[in-house]
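Per numbering that gives the first Met the number 0, the sequence shown starts with residue 0, numbered consecutively.
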Amino acid sequence: MNSTYFDEIYHARTAYEYAHGIVPYENTHPPLGKLLISVGMELFGVNPFGWRIIGTLFGIAMLPLIYIMALRLFKKSLYAALAAGLFALDFMHFTQTRISTIDVYGVFFIMLMFYFMQRYFTMSFYRIPLRRTLMPLFWSGLFFGIGVASKWIVIYGGAGLAIMLALALFERYREYRAAGRLLAEGRVGDQELKAACSTADKSFWKNTIVTLLSCVLFFVIIPGVIYSLSFIPVLSVSADGYTFKGLIDAQKNMYNYHSQLVATHPFASSWWEWPFMKRPVWFFSGGEGLLEGQVSSIVTMGNPLIWWTGIFAMLASVWFTIKRKDKNLYMIWIGFFSQYVPWMLVPRETFLYHYFAMVPFMILAIVYIMKLLDSKYPEARYLRHAYVAVAALLFVMFYPVLSGMQVSKDYVDVVLRWFPSWVF
């Protein structure tokens with residue numbers, strides 16, 4: 000494909016303008032994602048490879064990233080590999096990382112910031128030096144800031160980070176109260192336990208205050224600096240240059256655009272329709288040079304097996320993690336719902352690809368349920384094998400309309416178009 004398609008007409012063009020000091024055409028999103036696109040264009044030229052390569056590399060990097068996320072959650076390379084494999088077989092991961100738009104950057108940094116918050120969540124400043132516990136918070140805040148400077152959807156995940164931090168500190172508070180009671184009642188005979196209780200009793204307030212003050216730095220000040228600096232290439236070419244007023248006006252313009260947008264689109268869909276894939280987004284339809292009876296299309300949607308079973312897996316993960324007190328796995332559904340719930344309040348038209356940020360957490364939920372089944376039913380491994388095989392088969396089946404490959408129109412209409420609203 001030798002030209003732009005779908006929102007590449009905005010983002011790739013704006014990336015070119017950033018790189019060449021031209022007043023940008025598109026200013027409805029923060030600039031960092033488009034600055035990353037411009038890196039590829041500077042390295043490889045103003046061509047489809049140049050404006051798509053950086054996003055594709057980020058998409059590839061998502062696979063080892065979800066691997067290490069799953070490895071930390073499930074402690075076995077089998078389940079980590081399963082998570083990476085399912086993510087690779089998801090249609091939306093494939094299409095969203097091959098188009099020169101900014102969603103891939105936002106989702107990548109969402110994954111990173113939750114990974115590091117999960118690392119903090121499993122630490123205790125009673126048993127680990129306080130400075131060491133602050134490092135995951137620093138990295139989480141750093142990637143939060145980079146993500147917000149790429150796309151505002153990352154702000155939604157910030158609420159999830161705050162919930163995880165609050166839960167972690169509440170757990171430390173419970174330990175502090177329990178230690179205080181044991182010491183007051185003189186029921187601590189073991190010297191090692193007594194030392195642990197004494198540490199908790201003496202250090203809770205100091206450690207908590209230092210942690211919270213550090214979070215102001217990590218999640219407010221540093222992200223604010225990153226975000227402000229990302230606008231230098233945008234505002235420096237304006238008539239007034241880079242000014243504080245210009246920075247504030249840019250935020251107002253973005254907010255007004257998204258809050259007041261009333262345009263309609265034939266492939267728009269509501270938040271409640273996304274898990275069911277009621278309306279995939281038709282990105283591209285080729286016309287020139289096609290043989291009679293052939294079509295060339297690109298559509299973004301999810302792998303039906305992964306997305307439809309993912310609905311039940313996500314709900315089940317909430318139930319089982321709470322029932323089994325698997326607090327270390329709360330990240331799965333906190334990450335998912337912190338990215339999903341805000342869309343329920345968005346008045347403008349939305350699209351299926353906005354669900355992309357939830358897909359990594361949905362896949363982790365599927366793997367979690369498979370792990371539970373494996374632990375209870377040894378024969379469940381056959382179900383796991385069949386699940387992966389069907390997901391792979393569906394990927395192969397739908398590959399023509401995910402990639403733009405020429406294929407028979409009859410094949411698309413008869414084999415792939417399962418519902419009237421699936422247009423490609």
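Just so it is clear, CB atoms sit at the ideal spot from N, CA and C, and this is done for glycine as well.
Residues of its chain near Lys430, where Cβ-Cβ distance is below 8 Å and the 5 sequence neighbours each way are ignored: Here the chain has residues from 0 to 423 only, and residue 430 is not among them.
Does DSSP put Trp421 in a helix, a strand or coil? coil
Please state the DSSP three-state secondary structure of Leu149. It is worth fixing the name first, because residue 149 is Ser in this sequence and not Leu. Of the three classes helix, strand and coil, the one that applies to Ser149 here is coil, per DSSP.
Trp273: buried (16+ other C-beta within 10 angstroms of its C-beta) or exposed? buried
Taking the CB atoms as reference points, tell me whether Ser37 and Tyr24 lie closer together than 7 Å. no
For a quick check, are the C-beta atoms of Phe282 and Phe113 less than 7 Å apart? no
Which of helix, strand or coil does DSSP assign to Val298? strand
Using CA coordinates, which residue listed in Met357, Ile321 and Trp318 is at the minimum distance from Ile305? Met357
Across which residues does DSSP place Phe397 in a beta bridge pair? Answer by DSSP bridge pairing: none, since Phe397 is not bridged.
Quick check: the Cα distance between Gly285 and Lys326, rounded to an integer number of angstroms? 49 Å
So, for Ile162: in the same chain, excluding its five sequence neighbours on each side, which residues have a beta-carbon less than 8 Å away from its beta-carbon? Ile333 and Ser337
Alpha-carbon to alpha-carbon, Phe218 and Asn206: 18 Å
Quick one: residues in its chain with C-beta nearer than 8 Å to the C-beta of Cys214, no 5 flanking neighbours on either side, listed in chain order? Leu136, Gly140 and Leu164
Do you know whose CA, among Phe397, Glu287, Ser269 and Arg71, lies nearest Thr94's CA? Phe397
As an exercise, report each continuous alpha helix (DSSP H) stretch of at least 4 residues that is fully enclosed by the segment 16-56, in chain order. 31-43
What is the DSSP secondary structure of Phe283, counted as helix, strand or coil? strand
Quick check on the burial criterion: 16 or more other C-beta atoms within 10 angstroms. Buried or exposed for Lys370? buried
Quick one: is Ile48 buried, meaning 16 or more other Cβ sit within 10 Å of its Cβ, or exposed? First, the residue type needs correcting, since residue 48 is Phe and not Ile in the sequence shown. Answer is exposed; the Cβ neighbour count stays below 16.
Spatial neighbours of Val479 in its chain, beta-carbon cut-off 7 Å, leaving aside the 5 residues before and after: Any answer about residue 479 is impossible in this case: the structure gives the chain only from 0 up to 423.
DSSP beta-bridge partners for Ser407? Gln293
Mind the definition here: the segment 78-98 touches the segment 348-367 only if three or more C-beta pairs lie below 8 Å; say whether that holds. yes
Which residues bound the alpha helix (DSSP H) around Arg118? Asp102 to Phe120
Of the listed residues Ile65, Leu70 and Asp89, nearest to Tyr386 (C-alpha basis): Asp89
Beta-carbon proximity of Gly146 to Ile98, cut-off 7 Å: no
Looking at the unbroken alpha helix (DSSP H) that takes in Asp373, where does it start and where does it end? Val358 to Lys375
Within the same chain, show all residues whose beta-carbon is closer than 6 Å to that of Thr3, passing over the 5 residues directly before and after it, in chain order. Ala11
Whose CA, out of Tyr15, Val413 and Ile154, lies closest to the CA of Pro341? Ile154
Could you have a look at Val236 and say whether DSSP puts it in helix, strand or coil? coil
Give me the Cα-Cα distance between Arg171 and Leu35, rounded to the nearest whole angstrom. 40 Å
Please report the distance separating the alpha-carbon of Arg71 from that of Arg126. 19 Å
Cut-off 7 Å between Cβ atoms - residues of its own chain near Ala391, not counting five sequence neighbours on either side: Leu88
What is the rounded straight-line gap between the Cα of Trp271 and the Cα of Ala238? 43 Å
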